[in-house]
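Protein chains in written order, with my numbering: chain H, 264 to 449; chain W, 290 to 703; chain V, 8 to 207; chain A, 1007 to 1350.
Cβ coordinates follow ideal geometry from the N, Cα and C atoms, glycine included.
This one's a predicted model, so the numbers in the text were calculated from it and none came from an experiment.
These notes concern the structure reproduced below.
Okay, here's the thing in structure tokens:
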């Protein structure tokens, strides 16, 4: 049993999440500064977003990966029609580095809403592959260099409409939709 | 006292990194569409390309149960998404809604009282056992072991009944609400829970004899679907699948939410990374959940009854509802909650469901509806494992690997 | 080809007469209905999360097999389809294809509020109503329905088959007149043509 | 000779009525009972009721009749893409040939009720084995004619399994024949007089034969060709209605026929009964004893479903070639040693 415990490196004990987040944040900031990527910070509750330029996102991602952030938790996209922007945030964290394990740091970019396009980070983080496909179909963000950019969840005709954008409106609550006419009864 | 990691295993020391074969596409490679109407697929489709009897490429085609949770979450206020989201993993309802509730609580700045936290943990652990047993049942029917399916299904009913006693619903509990829980424990619940715990401990031994140590089952699982630690971290697998590969990661100890830092339990980790290791992780987790249930029930019995909703919410209760809450221990949902506004900001709430880490990214613009709810369920993160774990295995290994990953499509498709 | 008829006879007439004798004269009707009622094998098609309760129905506590219902693997060998909850656009095609693969007489149970009118997902953009896709015999309300109500639906379907002679009349007529009004298959399966899986 | 006399002679010819009565009707009843037992025993192990409400007093036995009747009257679908003639012929031919070994198996030591003339009886074990190994060909044909990927995979698996188990079954029976020194089933039974049953004298060969039967009729834990988790219903995926019932019935009937052969070779046949004169004592009672023993074997195989999962194909083949084949050879060696010592 003792040997097995030694074999499993990176065993994390219980700790306060705030400390982990702080460590992860300073590690990420250092990593970005080291490669000379300028960034701004957006605070969230339980995470922090580092906003970078589209041009430097690959370099920033590689730096974060090298700093120990080994997998993507979520590729989160948010549509801001008023600002005409779409925010794409790669929320990453670490499994293997016990110091920052679990601290969520976001690598965010703002894309123009009319033609959202950015380089794919699948080559850096394999775990982003399916999530990028999801963002592609729901927001229409085109990921350059993605190995297999197809709709994941939706049928193709629906994926063209990008349902999670704010201008795709679903019927509001309390309006009951009647029987569709195309069903011929009796 | 708190959770600690405990590393088990070591029955196979010789497992190194498994090399994924390169994509050999030749003339004799043919395509097999497995699903969605297929006994070994559930509600998804896996397109596999087979060379002889060996899978060379696998392409999970999901989305057959995509019910647009993220979009509907944006138009239904802050309370009504709770019953909506628990349809993702209906047999793990408390675990899957609690992180959303916690994210909303973070934005609102309220916190559940201690008793409510214990009650949440109680239902979470009951649900975790039920979820593991369900996965266990599906897994064993994939391997053709119908008796284990029936046993696990039957024992799951024990915990469903326990949850029903606590919340009033078999599966869809909608138990945690922002700032508390809906109900206190009913009369006689602690004894019932202890009986269930004793029963389940006995049954786990029988599971070992019947299933885990069955030579046929072991030969199907040992060394099958090996995901080494590095690959598991690279793919971002979660839950028992990561812990079966030697990654000591559990949200309950990474970010001890509710009262998990006051409870004594272990997080089992196996280092082999094969299907058997993942199965053993689940079995050990059931045993640990039983421990937690015992502790929580003891605590609840010892402490006197306190309010189970936050004070800021309790203040807004009309007198009649206050009386119901104090006498019967039922917290009513009030009309103002349907149109309540939440301060602007973004929060990430996360928790450990039976299948692993779930993450809610909730963004508010200060309105009556969430501006954006991004849900990353454990199955949605595990689905990538099909693409990387299946190649190199035989077709008959597909159900073994599928079952050991404990993948639940409605959860992955959201 | 008049001579041919001397030797072979009119096969249609002969088959019809044989069918009449089998079903009418010998009172096989009752046997057929009884057999169909007590041998309702649901096909394995899980459409949504009601499948957990469906699985519980056939677990040891509720044991759906006591009514003779045995969940079976392939559609060709079954005669009952249970829509287990929401049917999405992608799944609708699978439901329809599975229904068409089943030999008649066949029956359908729609389980859950989503299968009635969408339930919680009534205004979702990806949900279709199963009664547009296939003809349904029995609806079970609930979200999700308890296993008892699934068992109740099976018993109710048995009663209906036996009292209304559904199965035998279906075999006699060759089709079921009150059960053909669903939308055309193209409505649900058109996406399969347009979507292109990875070329081999 | 008048026509009706000729007809009566043909119907009264022992091989024919043996195939028709014991074979068809008997094995139909046995298969229904075996399926019922399989479901009911599994239900008991799994703490539930099993089929029940069609006939509460009979313990739900009528549910199986209902299943059969439902299959019989359901509309059989013949998909457009199948090869029609083999698709239709395979289940029927498979069923008939599965029953044909009964045309050469003696159920009594009374020569007047033997299906073959005494001279031909010398090789009855070999003839029966030769016919008994034929039906899987038709399962493969069914799979290939279906033109469905799952059916084709199932057919290929069946082919793999045949190659593995056929040799073991034959070698296992040879172990019995070697011990007695004869291929005559009557002599093999006669040699087991006085409870010197070959299952006791040569348990190795019996074990090999038993597992070979389990494998050949794709029962658990070797239910690989029809393994539902990957290949739906295997070779029978496209079959519906009565054609599927024939296919499934064929498997159980094959199990029953092979069990009868095993009873004669290892379990002392009609012993402890000594067949006498007359139809009742000379034929009916001995055959009832044989069938009863065979039913025990069939039920034992059915019960395995409740205990085991299924092996992987390569593991099953591994087991067949690396463990069972040496086992069967050891059975022959043991039989030869016993024959030379004179135990039997």
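TODO: Could you tell me which of A:1278, A:1236, A:1304, A:1272 sits nearest to residue 1259 of chain A, measuring between CA atoms?
DONE: Taking only the C-alpha atoms, the option nearest residue 1259 of chain A is A:1304.
Open item on the list: I need the boundaries of the beta strand (DSSP E) containing residue 354 of chain H, first residue and last residue.
Closed with: Unbroken beta strand (DSSP E) run through residue 354 of chain H: 348-356.
Task: residue 654 of chain W (DSSP reduced to helix, strand or coil) - done: Shown here, residue 654 of chain W sits in coil according to DSSP, grouped into three states, outside any helix or strand.
- [ ] Could you name the residues of chain H that residue 97 of chain V contacts, counting a contact when the two beta carbons are closer than 9 Å?
- [x] The answer, in chain order, is 416, 417, 418.
Task: Beta carbon proximity, residue 304 of chain W to chain V, threshold 8 Å - done: With a pLDDT of 36 at residue 304 of chain W, under the threshold of 50, the modelled position of that residue is not reliable, and no figure is offered here.
- [ ] Below 8 Å between beta carbons is the criterion; list the residues of the segment 129-148 of chain V that meet it against any residue of chain H, in chain order.
- [x] If the cut-off is 8 Å between Cβ atoms, the segment 129-148 of chain V has 129, 130, 131, 132, 133, 136, 138, 139 near chain H.
- [ ] Find the nearest neighbour of residue 293 of chain H within the set H:313, H:307, H:279, judged by alpha-carbon distance.
- [x] Taking only the C-alpha atoms, the option nearest residue 293 of chain H is H:313.
Open item on the list: Given 7 Å as the limit, tell me if residue 1158 of chain A has its C-beta closer than that to any heavy atom belonging to the ligand ZN.
Closed with: Absence of the ligand ZN is noted for the structure shown, with no ligands found whatsoever.
Task: Contact list for the segment 654-668 of chain W against chain H, Cβ threshold 7 Å - done: From the segment 654-668 of chain W, only 661, 663, 665 have a Cβ closer than 7 Å to chain H.
- [ ] Determine whether the Cβ of residue 508 of chain W lies closer than 8 Å to any Cβ atom of chain D.
- [x] Checking the listed chains, one finds no chain D in this structure; the protein chains it contains are H, W, V and A.
Open item on the list: Under 8 Å, with one C-beta from each stretch per pair, do the segment 1294-1304 of chain A and the segment 1201-1209 of chain A reach the 3-pair mark?
Closed with: By the Cβ test, the segment 1294-1304 of chain A is not in contact with the segment 1201-1209 of chain A, since fewer than three Cβ pairs between them sit closer than 8 Å.
- [ ] With 8 Å as the threshold, decide whether the Cβ of residue 1315 of chain A is near any Cβ in chain W.
- [x] Closer than 8 Å to some Cβ of chain W, the Cβ of residue 1315 of chain A qualifies, so yes.
TODO: Go ahead and pull the three-state DSSP assignment for residue 49 of chain V.
DONE: Strand.
TODO: Please report the residue range of the alpha helix (DSSP H) in which residue 1181 of chain A lies.
DONE: 1155-1186 is the extent of the alpha helix (DSSP H) around residue 1181 of chain A.
Open item on the list: Given a cut-off of 8 Å on the beta-carbon distance, is the pair residue 328 of chain W and residue 334 of chain W in contact?
Closed with: 8 Å or more divides the Cβ of residue 328 of chain W from the Cβ of residue 334 of chain W.
Open item on the list: Quick check: what's the CA-CA separation for residue 530 of chain W versus residue 580 of chain W?
Closed with: Approximately 22 Å, taken between the alpha carbons.
Task: Whether residue 419 of chain W touches residue 449 of chain W by CB criterion (8 Å) - done: Going by C-beta atoms, residue 419 of chain W is nearer than 8 Å to residue 449 of chain W.
Open item on the list: Under DSSP, the beta strand (DSSP E) around residue 322 of chain W begins and ends at which residues?
Closed with: Annotation: the continuous beta strand (DSSP E) that includes residue 322 of chain W extends over 318-323.
TODO: May I ask you to report which of helix, strand or coil DSSP gives residue 697 of chain W?
DONE: Residue 697 of chain W: coil per DSSP, three-state reduction.
Task: Chain-order list of residues whose beta-carbon lies under 8 Å from that of residue 339 of chain W (same chain, five-residue window excluded) - done: Excluding positions up to five away in sequence, the list reads 318, 319, 320, 321, 345, 684.
TODO: Ignore the nearest five residues each way along the sequence and tell me which others in residue 979 of chain A's own chain have a CB closer than 6 Å to its CB.
DONE: The structure shown does not extend to residue 979 of chain A, since chain A is modelled only from 1007 through 1350, so no value can be given for it.
Task: Meets three-Cβ-pair contact criterion under 8 Å: the segment 422-430 of chain W and the segment 401-413 of chain W - done: Cβ pair count under 8 Å is below three, so no.
Open item on the list: Between the alpha carbons of residue 1142 of chain A and residue 546 of chain W, how many angstroms are there, rounded?
Closed with: Going from the Cα of residue 1142 of chain A to the Cα of residue 546 of chain W covers about 60 Å.
Task: Which of helix, strand or coil DSSP assigns to residue 343 of chain H - done: Reduced to three states, the DSSP call for residue 343 of chain H is strand.
- [ ] Within the same chain, show all residues whose beta-carbon is closer than 7 Å to that of residue 1217 of chain A, passing over the 5 residues directly before and after it, in chain order.
- [x] Answer for residue 1217 of chain A: 1330, listed in chain order.
- [ ] Ignoring anything shorter than 4 residues or poking outside the segment 605-687 of chain W, list the alpha helix (DSSP H) runs there in chain order.
- [x] Within the segment 605-687 of chain W, the complete alpha helix (DSSP H) runs of at least 4 residues are 608-617, 624-627, 667-671, 673-678.
TODO: Compute the Euclidean distance between the alpha carbons of residue 1054 of chain A and residue 1213 of chain A, then round it to the nearest angstrom.
DONE: Roughly 32 Å separates the two Cα atoms.
Task: residue 117 of chain V, DSSP secondary structure in three states - done: Residue state, collapsed to three classes: strand.
Open item on the list: What does the Cβ neighbour count give for residue 1019 of chain A, buried or exposed, with the cut at 16 atoms within 10 Å?
Closed with: An exposed status is given to residue 1019 of chain A, since fewer than 16 other beta-carbon atoms sit within 10 Å of its beta-carbon.
TODO: With DSSP collapsed to three states, give me the class of residue 1193 of chain A.
DONE: Helix, per DSSP.
TODO: Using a threshold of 8 Å, state whether the C-beta atoms of residue 99 of chain V and residue 140 of chain V are closer than that.
DONE: Result yes, Cβ atoms of residue 99 of chain V and residue 140 of chain V sit closer than 8 Å.
- [ ] Could you pull out every residue in the same chain whose Cβ sits closer than 6 Å to the Cβ of residue 390 of chain H, ignoring the five residues on either side in sequence?
- [x] The residues are 334, 335.
Task: residue 286 of chain H to residue 384 of chain W span [Cα, whole Å] - done: Near 28 Å, if we compare the C-alpha coordinates of residue 384 of chain W and residue 286 of chain H.
- [ ] Using a threshold of 8 Å, state whether the C-beta atoms of residue 363 of chain H and residue 298 of chain H are closer than that.
- [x] In this structure, residue 298 of chain H does not lie closer than 8 Å to residue 363 of chain H by Cβ.
Task: Where the beta strand (DSSP E) containing residue 405 of chain H begins and where it ends - done: Segment 405-407, the beta strand (DSSP E) holding residue 405 of chain H.
TODO: Using a cut-off of 8 Å between C-beta atoms, extract the partners of residue 399 of chain H located in chain W.
DONE: Here the premise fails: no neighbours, minimum Cβ distance about 13 Å.
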